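Have a look at the structure below, then the notes.
2 protein chains.
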Amino acid sequence: MAHEPGAPVRVALLGCGVVGSSVARLLTEHADDLAARVGAPLELVGIAVRRPQRPRPDVPVDPSLFTADAEELVTRADVVVEVIGGIDPARGLILRAMEHGAGVVSANKALVAEDGPTLFEAAARNGVDLYYEAAVAGAIPILRPVRESLAGDRVRRVMGIVNGTTNFVLDKMDVSGAGFAETVEEAQALGYAEADPTADVEGFDAAAKAAILASLAFHTRVSSAHVHREGITEVSAADIRAARENDCVVKLLAICERVTASGSDAVSVRVHPAMVPRSHPLASVREAFNAVFVEAEAAGELMFYGRGAGGDPTASAVLGDLVAVARQRVSGGHGPGESAYADLPVVDLGQAVTRYHISLDVADRPGVLAQVAAVFAEQGVSIETVRQQAGPEDDGRARLIVVTHRATDAALSATVEDLAALESVDDVVSVMRVEGA
Amino acid sequence: MAHEPGAPVRVALLGCGVVGSSVARLLTEHADDLAARVGAPLELVGIAVRRPQRPRPDVPVDPSLFTADAEELVTRADVVVEVIGGIDPARGLILRAMEHGAGVVSANKALVAEDGPTLFEAAARNGVDLYYEAAVAGAIPILRPVRESLAGDRVRRVMGIVNGTTNFVLDKMDVSGAGFAETVEEAQALGYAEADPTADVEGFDAAAKAAILASLAFHTRVSSAHVHREGITEVSAADIRAARENDCVVKLLAICERVTASGSDAVSVRVHPAMVPRSHPLASVREAFNAVFVEAEAAGELMFYGRGAGGDPTASAVLGDLVAVARQRVSGGHGPGESAYADLPVVDLGQAVTRYHISLDVADRPGVLAQVAAVFAEQGVSIETVRQQAGPEDDGRARLIVVTHRATDAALSATVEDLAALESVDDVVSVMRVEGA
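Heads up: the sequence lines are chains U and D, in that order. My numbering applies: residue 1 is where the first sequence begins, and numbers increase by one. My numbering applies: residue 1001 is where the second sequence begins, and numbers increase by one.
And the structure:
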């Protein structure tokens, strides 16, 4: 619908937690700049919260703007900003807002990754914009570059560190040599991990972001349910040490790849810890920072780096989207809608092609290396390097460290199973994928 | 003007050099993808070149598309892609295209930086889009993120490595210890530097990009003429060595900062070589890669990294813009136009605030350090560290290495002048700004 010249753009905010408070504050502090960039003032018409009476001294707005009636609020806005998170009631409110003609800006990775198509179809049906830059990698502009800047290119692979908590934990483990459990406690004490860190450390958060990135990069539909997910709870101090000895760091990666399956184009989307060579740009992403590495056919290698979470960084991304949606509302026209024309199948993990780094404790006697090598050969997995270390004690044991060439995950995984069953192998000490080499 | 549903979007290409050939090839190879993303097929209606008869086997298009009559070609296109470069005839052709109602995609940094306002005004007057992502940092999406993703934030500083040739030369000098002249020869032999490398090594190319970045980041008008420019021709092996000893690398930086001058907001835009600590993300940008580091009030620190030049990478950026302009043509609406509402003055270099690293050869006798320190104090420049090294020979000389705190460039520059005039100072061996600390 046409916007009346000069009239303010009415903005409704759903949620006033860490991100919502930042959005409300920046809307107030930057009002003049935002008006100049949009072409009309942004008027905050309400903030939906569970307890509207609660004092919020850090949110510099008229207290009468707080309301518990989100259902009503969304019917009187031109743009609705949703920073509640979770599936319900966020989904219902977004759909209701669109039915009433409002554009929507959301930071809700879980919802977009689980049920994006429902939202995209509603946006198209109602002729409104739906933007969600803040859902992936916080402040880092990554969805707009993938969706718009690379629209003339063909993306081959997206490989990202998209969860700050797990990167913080893995980075600390690398620096301190400590184990997973105690490092998570430290991260909790410092505010980098939630009291219940499951969504982060089990990779659910990263998997939602991977689904969103894959959908945009490959113009197809990928939901969280399609993403193979492994968290970092099994990453041990021994794994980190093995990575160091291999001149690598361990990162939790979200990997979205264009692959060929049964002769046709397909996509592979997976989240798991992996060794990354220290010389790779992703290896230098420290602490709770995020970064997304993109390989495109014409553009080559790109990387986007910045803060992946936090109130102000996430609010920056939300406001960038808000300016776009509001500007389009004022000037006419729309941003790009969902682009899912490629409609590619998602292959399962077994078909993904990767490399493995495997540490084995074996009997230190002639013939063992030949036995081990035979197992790899039987599965058709080619060995890149094998290194033998004397065991920690003079007890007739040795450590074998094998790095493979690229093979399907199915073949690699079967190889590890067969190795574990070998009589001469005491222990499979560490198995990890190697990416970015 | 409204686009007829289903009708192709007519694209005219001006120029068919390295970038133009890639654009033509990708338009052909990716035709189906591009049509799906735009919502209508892109039809290449002509390529303007100086010699249309010349065989171009690497450009897979109908040879009859080549024409020498660019003036005529631009009148029969919906979108004109300009990859000729330089000021004229590019400017006249772009203006003519807009007058005939065509949107424009340009990779022309020199033209946008020198005379952007003329182009932006023509775009606004004719109601057409003007996009130029490829003008800065090749394939790296940087203009769209700064212009759109950060539209709700306030950018404090942009600091970029935006010239691949100079980064290649400085990186090689850092690795080999060789001097400037021989390293440029090596870069020329490898195709990383032009036969006449002036535009790159004297910083003209980077200055144009700095002007464009500053204009977008600060919503104001900055042209190349406003940019303080120093190239890398004076960077010596001794400077690189001094940087190494200071745990830094030397980079040619384009720096755009929001500053306060006489109590008001202003901008400082400068291009010069500087020492950057090895721990800074920009320090790890090797060879001919580009990267742009952005500090924004809410988003915090962001970095964008990738290939800054080359046919395919630049063509990727051009095609991303082409899809945007064509999509908007098909669906209605426009991208954001020029945003120069802030209208900030550009301060001269003397008012920029930075730090200096200074190496001096001095007489090795008591009292010299006090004399040197007095010169800094007189200019109000505070010293962060001073280190004394024994001279190379046992000849009564010593080397003093001073790193300052932040001060105005005017005060720092006056300090160096006074130091050079001291009787006890034999030689000012190296003076370099330190950034990113």
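Heads up, the beta-carbon is just placed ideally off N, CA and C, and yes, glycines get one too. Keep in mind the model is a prediction, meaning the values are calculated, not measured.
In chain U, which residues lie with their C-beta within 8 Å of the C-beta of residue i?
| i | result |
| --- | --- |
| D/R1154 | H30, D33 |
Name the chain U residues whose beta carbon is nearer than 7 Å to that of residue i?
| i | result |
| --- | --- |
| D/L1319 | G152, D153 |
| D/R1327 | P336 |
| D/P1041 | By Cβ distance, chain U contributes nothing, its closest Cβ being about 13 Å from D/P1041, past 7 Å. |
| D/A1315 | A298 |
Quick one: does residue i have its CB under 8 Å from some CB of chain U?
| i | result |
| --- | --- |
| D/H1334 | yes |
| D/G1306 | yes |
| D/A1439 | Here chain D comprises residues numbered 1001 to 1437, so residue 1439 of chain D is not present and cannot be evaluated. |
| D/P1446 | Only positions 1001 to 1437 of chain D appear in the structure, and residue 1446 of chain D is not among them; the question remains open. |
| D/L1026 | yes |
| D/M1303 | yes |
| D/D1196 | no |
Please go through the same chain and pick out, in chain order, the residues whose beta-carbon is closer than 8 Å to the beta-carbon of residue i, but skip the five residues on each side of it.
| i | result |
| --- | --- |
| U/R156 | E257, R258, E295, A296, E297 |
| D/V1038 | V1009, V1323, A1326, R1327, V1330 |
| D/P1336 | R1147, E1148, A1151 |
| D/L1419 | I1358, L1360, V1372, V1375, V1425, V1428 |
| U/P467 | Any property of residue 467 of chain U remains undetermined from this structure, which presents chain U solely from 1 to 437. |
| D/A1243 | D1174, V1249, V1250, M1275, H1357, M1432 |
| D/A1414 | Q1379 |
| D/V1019 | V1083, A1107, A1134, G1311, T1314, A1315, V1318 |
List the residues of chain U whose Cβ lies closer than 9 Å to the Cβ of residue i, in chain order.
| i | result |
| --- | --- |
| D/G1164 | Per Cβ cutoff of 9 Å: no residues; D/G1164 is ~12 Å from chain U at best. |
| D/A1036 | H219, S339, Y341, A342 |
| D/E1133 | S149 |
| D/D1078 | Result: empty, since nearest Cβ-Cβ is about 16 Å, beyond 9 Å. |
Counting contacts by CB-CB distance shorter than 8 Å, is residue i in contact with chain D?
| i | result |
| --- | --- |
| U/V330 | no |
| U/G300 | yes |
| U/E257 | no |
| U/S284 | yes |
| U/S22 | yes |
| U/D265 | no |
| U/D312 | yes |
Kindly list, in the order they appear in chain D, the residues whose Cβ is closer than 7 Å to that of residue i.
| i | result |
| --- | --- |
| U/P145 | P1141, R1144, P1145 |
| U/L322 | G1152 |
For residue i, which residues in the same chain have their Cβ closer than 6 Å to its Cβ, ignoring the five residues on either side in sequence?
| i | result |
| --- | --- |
| U/E43 | P8, R10 |
| D/A1407 | V1381 |
| D/I1438 | The displayed coordinates of chain D run from 1001 to 1437. Any statement about residue 1438 of chain D would go beyond what the structure contains. |
| U/V116 | Position check: residue 116 of chain U holds Gly in this sequence, whereas Val was assumed. Correct list: empty, nothing qualifies. |
Only counting the same chain, and skipping five residues up and downstream in sequence, which positions put a Cβ closer than 7 Å to that of residue i?
| i | result |
| --- | --- |
| U/P60 | R25, T28 |
| D/H1334 | D1129, Q1328 |
| D/A1317 | E1133, A1134, G1138, A1139 |
| U/S224 | A113, E114, A207, A208, A211 |
| D/D1312 | S1022 |
| D/V1227 | A1207, A1210, A1211, V1269, R1270, V1271 |
Using the beta-carbon of each residue, which ones in chain D are nearer than 8 Å to residue i?
| i | result |
| --- | --- |
| U/P281 | S1284, Y1305 |
| U/D239 | Under the 8 Å cutoff, chain D gives no residues; its nearest Cβ is about 25 Å from U/D239. |
If we count Cβ pairs, one from each stretch, closer than 8 Å, do we get three or more for the segment 128–144 of chain U versus the segment 189–207 of chain U? Judged by Cβ distances under 8 Å, the segment 128–144 of chain U makes no contact with the segment 189–207 of chain U, as fewer than three pairs qualify.
Stretch-stretch touch, CB-based, cutoff 8 Å, three pairs: the segment 1269–1289 of chain D with the segment 104–122 of chain U: Result no; under three Cβ-Cβ pairs closer than 8 Å.
Counting pairs of Cβ atoms below 8 Å between the segment 1070–1082 of chain D and the segment 1010–1025 of chain D, do you hit three or more? Yes, the segment 1070–1082 of chain D touches the segment 1010–1025 of chain D.
Contiguous beta strand (DSSP E) assignments of at least 3 residues, all confined to the segment 1216–1293 of chain D: Entirely contained in the segment 1216–1293 of chain D, the beta strand (DSSP E) runs reaching 3 residues are, in chain order, 1248–1261, 1264–1277.
Would you call the segment 115–127 of chain U and the segment 242–252 of chain U in contact, with 3 or more CB pairs under 8 Å? No, because fewer than three Cβ pairs between the segment 115–127 of chain U and the segment 242–252 of chain U fall closer than 8 Å, the two stretches do not touch.
How do the segment 415–429 of chain U and the segment 1280–1288 of chain D stand: do at least 3 beta-carbon pairs fall below 8 Å, yes or no? No, the segment 415–429 of chain U is not in contact with the segment 1280–1288 of chain D.
Quick check on the DSSP output: what are the complete beta strand (DSSP E) runs of length 3 or more inside the segment 142–184 of chain U, in order along the chain? The qualifying runs are 155–161.
Complete alpha helix (DSSP H) runs within the segment 1036–1106 of chain D (minimum length 4 residues, chain order): Counting only runs of 4 or more, we get 1070–1073, 1090–1099.
Of all the beta strand (DSSP E) runs that stay within the bounds of the segment 363–401 of chain U, which reach a length of 3 or more residues? Fully enclosed beta strand (DSSP E) runs of 3 or longer: 383–390.
Could you tell me whether the segment 1299–1316 of chain D touches the segment 1158–1168 of chain D, using the rule of 3 or more Cβ pairs below 8 Å? Output reads yes: the segment 1158–1168 of chain D touches the segment 1299–1316 of chain D.
Three Cβ pairs or more, each shorter than 8 Å: is that satisfied between the segment 171–180 of chain U and the segment 226–246 of chain U? Because the criterion of three Cβ pairs below 8 Å is met, the segment 171–180 of chain U and the segment 226–246 of chain U touch.
Any contact of the segment 1065–1077 of chain D with the segment 1096–1103 of chain D, i.e. 3+ C-beta pairs under 8 Å? Judged by Cβ distances under 8 Å, the segment 1065–1077 of chain D makes contact with the segment 1096–1103 of chain D, as three or more pairs qualify.
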